[in-house]
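Engineer: Dropping a structure here in structure tokens format, bear with me for questions.
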Amino acid sequence: MTPQEETIVLEARDILGRYLSQNPVIGSWQALMDYCALTVRGPIERFHVLYLDRKNRIISDELLSTGTVDLVPVYPREVIKRALMLNASALILIHNHPSGDPTPSEADLSMTKEIQKGCKYLGLTLHDHIIVGAGTELSLRALGKL
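Residues 1 to 146 in full-length UniProt numbering are what the sequence shown lists, from first letter to last.
Written as structure tokens, this is what we have:
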């Protein structure tokens, strides 16, 4: 990416962030995918959680962990602890695969199941886990993995 392109991407993220703070409901599947692609795609793995209220308005988009080119540490306890601190009702997990292939790994599936168990026990809703690849996003819910 050229320095000029990098500046444009940063400006687009800023504009999208301002838009979401004014219109904090992600109103469509495409809006969610656009948001994920713009905020999470990159050369290192990043793990975000969108914490939502009862009306699915975004309370917070939190970058909980950054990793390497092929690994990001995720601690289900921390994901759920933060949800409780924010009084969130629901969450959406988002992370990227810098390789460009959004196919979930066994570790992705296992971590998602652990978070899902904790959410269920504490009355939280795990809406989805989105994996962002190069030009494509994949939903674990759509794959039947949630």
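Here a beta-carbon is modelled for each residue, glycine too, at the ideal position from N, C-alpha and C.
Model, not experiment: these values are computed from the prediction.
Output yes or no for whether 9 angstroms exceeds the beta carbon distance between D128 and L140.
Structural biologist: Translated into positions along the sequence shown, residue 128 becomes position 128. Translated into positions along the sequence shown, residue 140 becomes position 140. Contact flag set, yes.
Engineer: Is it the case that the region 46-62 contacts the region 86-98, given that we only count it when at least three CB pairs across the two stretches are under 8 angstroms?
Structural biologist: yes
Engineer: Any idea which residues DSSP pairs R46 with across the strands?
Structural biologist: In the sequence shown, residue 46 corresponds to position 46, counting from 1. In the DSSP output, where bridge partners are listed per residue, R46 has T66.
Engineer: Can you grab the Cα-Cα spacing for the pair K113 / T7, in whole Å?
Structural biologist: Working through the sequence shown from its first residue, we reach residue 113 at position 113. Working through the sequence shown from its first residue, we reach residue 7 at position 7. Rounded to whole angstroms, K113 to T7 spans 37 angstroms at the Cα level.
Engineer: Since I believe L146 is in contact with L126 (beta carbons under 8 angstroms), could you give me their beta-carbon distance rounded to a whole number of angstroms?
Structural biologist: Here the question's residue 126 lines up with position 126 in the sequence shown. Here the question's residue 146 lines up with position 146 in the sequence shown. Right, their Cβ atoms sit about 7 angstroms apart.
Engineer: For the alpha helix (DSSP H) containing T125, name the first residue and the last one.
Structural biologist: Counted from its first residue, the sequence shown places residue 125 at position 125. No alpha helix (DSSP H) contains T125, which is instead part of the beta strand (DSSP E) from 125-132.
Engineer: On the premise that V9 lies in contact with K132, defined as a C-beta separation below 8 angstroms, what is that separation, rounded to the nearest angstrom?
Structural biologist: Taking the sequence shown and counting its residues from 1, the one referred to as residue 132 is at position 132. Taking the sequence shown and counting its residues from 1, the one referred to as residue 9 is at position 9. In the sequence under discussion, the amino acid at residue 132 is Val, which differs from the Lys named in the question. Wrong, their Cβ atoms sit about 14 angstroms apart, outside the cutoff.
Engineer: By DSSP, does R41 sit in helix, in strand, or in coil?
Structural biologist: In the sequence shown, residue 41 corresponds to position 41, counting from 1. R41: coil per DSSP, three-state reduction.
Engineer: So S139 is in the beta strand (DSSP E); what residue range does that whole segment cover?
Structural biologist: Working through the sequence shown from its first residue, we reach residue 139 at position 139. Run containing S139: 137-139, per the beta strand (DSSP E) assignment.
Engineer: Contact defined as beta carbons within less than 8 angstroms: I believe L64 pairs with E45. What is the distance between those atoms, to the nearest angstrom?
Structural biologist: Residue mapping note: residue 64 aligns to position 64 of the sequence shown, counting from 1. Residue mapping note: residue 45 aligns to position 45 of the sequence shown, counting from 1. No, L64 and E45 are not in contact; Cβ-Cβ is about 12 angstroms, not under 8 angstroms.
Engineer: Give me the Cα-Cα distance between Y35 and T68, rounded to the nearest whole angstrom.
Structural biologist: To locate residue 35, count along the sequence shown from 1; it is residue 35. To locate residue 68, count along the sequence shown from 1; it is residue 68. Looking at the two C-alpha atoms, the distance is approximately 22 angstroms.
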